[in-house]
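My numbering applies: residue 36 is where the sequence shown begins, and numbers increase by one.
Here a beta-carbon is modelled for each residue, glycine too, at the ideal position from N, C-alpha and C.
Remember, predicted model here, so these are calculated numbers, not experimental data.
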Amino acid sequence: MKKLFFLFAASALLVACSSDDQADLQGGNPVTDPTEDVTSAATIEFENGTALSVSAEDKDTPTRAAEAETETCDFVINLNKLKSDVMNDLGDYKLKVDDFAIRIDGEYTNIEVKDNNVKKWDVNVLSEQDLKVAVKNLGVLNFTNAKDYTYEVYLWIENKTLLDDGTGGYGELFTDEMKGNWIQSTWPVAEGEETGLDLSKAIWLAYGEKPEDFFTTMEGGYLVRYNVYRGLSGLNGDTPYIKVSVHVEKQDQTTVGEKKNDCTWVRIPYETK
36 MKKLFFLFAA SALLVACSSD DQADLQGGNP VTDPTEDVTS AATIEFENGT ALSVSAEDKD
96 TPTRAAEAET ETCDFVINLN KLKSDVMNDL GDYKLKVDDF AIRIDGEYTN IEVKDNNVKK
156 WDVNVLSEQD LKVAVKNLGV LNFTNAKDYT YEVYLWIENK TLLDDGTGGY GELFTDEMKG
216 NWIQSTWPVA EGEETGLDLS KAIWLAYGEK PEDFFTTMEG GYLVRYNVYR GLSGLNGDTP
276 YIKVSVHVEK QDQTTVGEKK NDCTWVRIPY ETK
């Protein structure tokens, strides 16, 4: 348990120095290159055969696919699952998929990806769409010499919107009220107060505490612990972000012939169901 807490807590502490140091940020905000393609999905394929994807999909699209022995298992989480949340009031927006990482038994690895330009992708999310993060092809993970794998990714929201004043200029998408709703606190926060909010348990409850709704197939015998944390970084909190961690390990097969998947949530400070 202590080890798992370290996995999530340590990565959360890095956020203040994470994307503000990237060359493609200006004043704490992602800057969209007009020559870049804007898409509804970004998929990062790793050399080990797994992939991490971020996609905008039509609302209420079922996660689970028809179960089949040949189908590899994917873990999918809908970040818009909280229906009355500020996420559903953003309208159309863009985000940058960045700062992704893989840990094996708690140690960061040198990530080998098939596309060196993955950090250039922007995802366009429309107001009528859900935002989903998936770790794909869990079936290819090798647990012979490893107990667990942790996938991490930051989604940096482009805090920019066209002003409705006829000037053609841009202002912040997030007002101070929206920033407060983003972290469920008054913005600006007092010195020393938390500038983020852990949504892991709330999403679990919104799913109705049904592990099968997180997987494309229940076959595989995996245990997934996920963490969803969103916050505000940069000058005056002008860089909203969401950080998703997905911790995968193999379960002991307790019933002969049955290898069902299970999942739970983890939040900071450490707590689980």
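How big is the Cα-Cα spacing for residue i and residue j?
i: V281; j: W217; result: 22 Å
i: W191; j: D287; result: 37 Å
i: E229; j: N172; result: 35 Å
i: V111; j: T251; result: 7 Å
i: G241; j: S119; result: The displayed chain sequence assigns Ala, not Gly, to residue 241. One C-alpha to the other measures close to 11 Å.
i: I139; j: F81; result: 14 Å
i: T144; j: N180; result: 14 Å
i: Y184; j: G269; result: 30 Å
i: L198; j: L117; result: 28 Å
i: E244; j: K236; result: 9 Å
i: N83; j: G203; result: 46 Å
i: W222; j: D150; result: 39 Å
If we call anything under 8 Å between Cβ atoms a contact, is residue i one with residue j?
i: D233; j: Y205; result: no
i: S75; j: A91; result: yes
i: E163; j: K94; result: yes
i: Y189; j: V170; result: no
i: I79; j: V148; result: yes
i: N194; j: T274; result: yes
i: E254; j: K294; result: yes
i: V89; j: V168; result: yes
i: L161; j: D127; result: yes
Taking all protein chains shown into account, do 16 or more other C-beta atoms lie within 10 angstroms of the C-beta of residue i, making it buried, or fewer, making it exposed?
i: N262; result: buried
i: E102; result: Because the pLDDT of E102 is 45, which lies under 50, any placement of that residue in the model is unreliable, and the question is left without a value.
i: A77; result: buried
i: I137; result: buried
i: G227; result: exposed
i: L208; result: buried
i: N271; result: exposed
i: D124; result: exposed
i: I146; result: exposed
i: D211; result: exposed
Is residue i near the ligand COA, in the sense that its beta carbon is under 7 Å from a heavy atom of that ligand?
i: G204; result: Questions concerning the ligand COA fall outside what the structure shown contains, since it holds no ligand whatsoever.
Identify which residue in the options has its Cα closest to the Cα of residue i.
i: K285; options: I79, P275, C108; result: C108
i: D157; options: E147, K129, K167, N145; result: K129
i: V301; options: L258, G272, Y276, P275; result: L258
i: G215; options: W239, V224, D199; result: V224
i: D134; options: T299, V279, G203, G243; result: V279
i: N159; options: K182, L197, V132, R260; result: V132
i: M122; options: T202, W239, D297, M213; result: M213
i: N296; options: F249, Y276, I277; result: F249
Note down, in chain order, each residue of its chain lying with its Cβ closer than 6 Å to the Cβ of residue i, except the 5 sequence neighbours on either side.
i: D165; result: E92, K94, N113, N115
i: S220; result: none
i: I277; result: L190, R265
Taking 8 Å as the CB-CB limit, is residue i close to chain B?
i: S220; result: Of the protein chains in the structure, only one exists, and it is not chain B.
Could you pull out every residue in the same chain whose Cβ sits closer than 7 Å to the Cβ of residue i, ignoring the five residues on either side in sequence?
i: K182; result: D140, E284
Quick one: what's got a C-beta closer than 8 Å to residue i's C-beta in the same chain, skipping five residues either side?
i: G256; result: K285, Q286, Q288, K294, K295, N296
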